[in-house]
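**Student:** Residue 26 is where the sequence shown starts when you use my numbering, and the numbers rise one by one after that.
From the three backbone atoms N, C-alpha and C, an ideal C-beta is built for every residue, glycine too.
No experiment lies behind these values; they were computed from the predicted model shown.
Encoded as structure tokens, here's the structure I'll be asking about.
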Amino acid sequence: RENKAKVKANAKSTSYEGEVTVTFTVKSNSSEGTTTKQTLNKVITKTELGEIAKKDLESVKTALLTVAKDLKVNEVTIELDSKENKAKVKANANSMSYEGEVEVSFTIKQK
26 RENKAKVKAN AKSTSYEGEV TVTFTVKSNS SEGTTTKQTL NKVITKTELG EIAKKDLESV
86 KTALLTVAKD LKVNEVTIEL DSKENKAKVK ANANSMSYEG EVEVSFTIKQ K
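Take a look at the structure:
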């Protein structure tokens with residue numbers, strides 16, 4: 026499909042008359058068939074997060090950012106393991122940056 030725009034002089038214009046058709050192409054951010062996504066195991070290389078205050082999403086997210094400072098947390102989903110002190114970090118389906126998943130582990134700070 027060709028992208029076109031028709032530019033017409035305003036009917037009341039005293040400077041311009043007529044019209045012109047402009048054609049253009051829209052550049053894609055990435056060429057088809059290639060991916061610029063990083064696999065999460067290359068971003069989160071340290072899977073032992075250390076000690077966290079409590080077993081909740083915010084604590085795991087904070088610990089993740091300590092070991093992977095450039096992680097875009099809005100592009101991943103964190104699923105806590107209900108039985109063990111582990112969590113799965115998965116790339117969101119619509120993530121522009123990541124693909125795959127990584128399992129991380131942690132310990133809970135004793136009160």
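Quick check: what's the CA-CA separation for Thr-87 versus Lys-136?
**Tutor:** Thr-87 and Lys-136: Cα-Cα distance of roughly 19 Å.
**Student:** Residues in the same chain with beta-carbon distance under 7 Å from Ile-77, minus the five sequence neighbours each way, listed in chain order, please.
**Tutor:** Ser-84, Val-85, Ala-88, Phe-131, Ile-133, Lys-134, listed in sequence order.
**Student:** Return the chain-ordered list of same chain residues with a C-beta closer than 6 Å to the C-beta of Thr-91, the five sequence neighbours on each side being excluded.
**Tutor:** Closer than 6 Å at Cβ, skipping near neighbours: no residue.
**Student:** Report, in whole angstroms, the separation of the C-beta atoms of Lys-111 and Glu-128, which I expect to be a contact under 8 Å.
**Tutor:** Going by Cβ atoms, the distance from Lys-111 to Glu-128 rounds to 6 Å, so yes, they are a contact pair.
**Student:** How should Ala-36 be labelled, buried or exposed, when 16 other C-beta atoms within 10 angstroms of its C-beta is the threshold for buried?
**Tutor:** Ala-36 should be labelled exposed.
**Student:** Identify which residue in Glu-124, Met-121, Gly-125, Val-114 has its Cα closest to the Cα of Glu-73.
**Tutor:** Residue Val-114 is the option with its Cα nearest to Glu-73.
**Student:** Which one or two residues does DSSP pair with Val-32 in a beta bridge?
**Tutor:** DSSP lists Val-45 as partners of Val-32.
**Student:** So for Ala-88, helix, strand or coil by DSSP?
**Tutor:** If DSSP states are grouped into helix, strand and coil, Ala-88 belongs with the helices.
**Student:** Short of 8 Å in beta carbon distance, which residues of its chain neighbour Ala-93, apart from the five on each side in sequence? Order them along the chain.
**Tutor:** Only Val-68, Ile-69, Thr-70, Lys-71 meet the Cβ criterion.
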